[in-house]
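With UniProt numbering, letter number 22 in the sequence shown gets 22, and the count goes up by one each step, no holes.
Quick reminder that beta carbons are idealized off the backbone N, C-alpha and C, glycines included.
Read through the structure below, which is laid out as structure tokens, and then see the notes.
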Amino acid sequence: MIAYLSLYKLRPEVTEEKLEDMMSRTRMALLRVPEVLTVKTGKRVNPSDPYPWFVYVEVESMDKLAICQDDPHYIKFREEVIRPHVAEQEATAFEMEPRKDVKYS
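Have a look at this one:
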């Protein structure tokens, strides 16, 4: 099981209202991708934290993650939600199964 976590720094013009809209649109778009098992998104609690927004997606494997990222719903999410509003992104994938060799993920 793969957890894919993306942390985002937003453009200065993104308001609190716009962020709420982005969170809602993210859930709607990514839950339409068949490979996505879980979607979570949230905003920072501590204003001094460097990333004001995150998106977390669970998929079965790295192959499914690649398929997910090629899905039209995911591409639309990237083009309509991420690209116009995000200044910087950090993303990484984690294997969540204990004792599973990550080369088989």
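Could you check where the beta strand (DSSP E) with residue i kicks off and where it finishes?
| i | result |
| --- | --- |
| residue 136 | Since the first and last residues shown for the chain are 1 and 105, residue 136 lies out of range. |
Let me make sure I understand the geometry here. Which of the options has the alpha-carbon closest to that of residue i?
| i | options | result |
| --- | --- | --- |
| residue 2 | 38, 43 and 54 | 38 |
| residue 48 | 91, 4 and 9 | 9 |
| residue 61 | 101, 11, 42 and 27 | 101 |
In whole angstroms, what is the alpha-carbon distance linking residue i and residue j?
| i | j | result |
| --- | --- | --- |
| residue 14 | residue 95 | 32 Å |
| residue 87 | residue 68 | 23 Å |
| residue 51 | residue 30 | 21 Å |
| residue 55 | residue 81 | 12 Å |
| residue 99 | residue 84 | 40 Å |
| residue 79 | residue 35 | 19 Å |
| residue 72 | residue 40 | 19 Å |
| residue 92 | residue 7 | 9 Å |
From the DSSP output, read off the bridge partner residues of residue i.
| i | result |
| --- | --- |
| residue 54 | 7 and 42 |
| residue 94 | 3 |
| residue 33 | According to DSSP, which records beta bridges pairwise, residue 33 is partnered with nothing at all. |
I need the boundaries of the alpha helix (DSSP H) containing residue i, first residue and last residue.
| i | result |
| --- | --- |
| residue 15 | That residue, residue 15, is in no alpha helix (DSSP H); it is neither H nor E in DSSP. |
| residue 82 | No alpha helix (DSSP H) contains residue 82, which DSSP labels as neither H nor E. |
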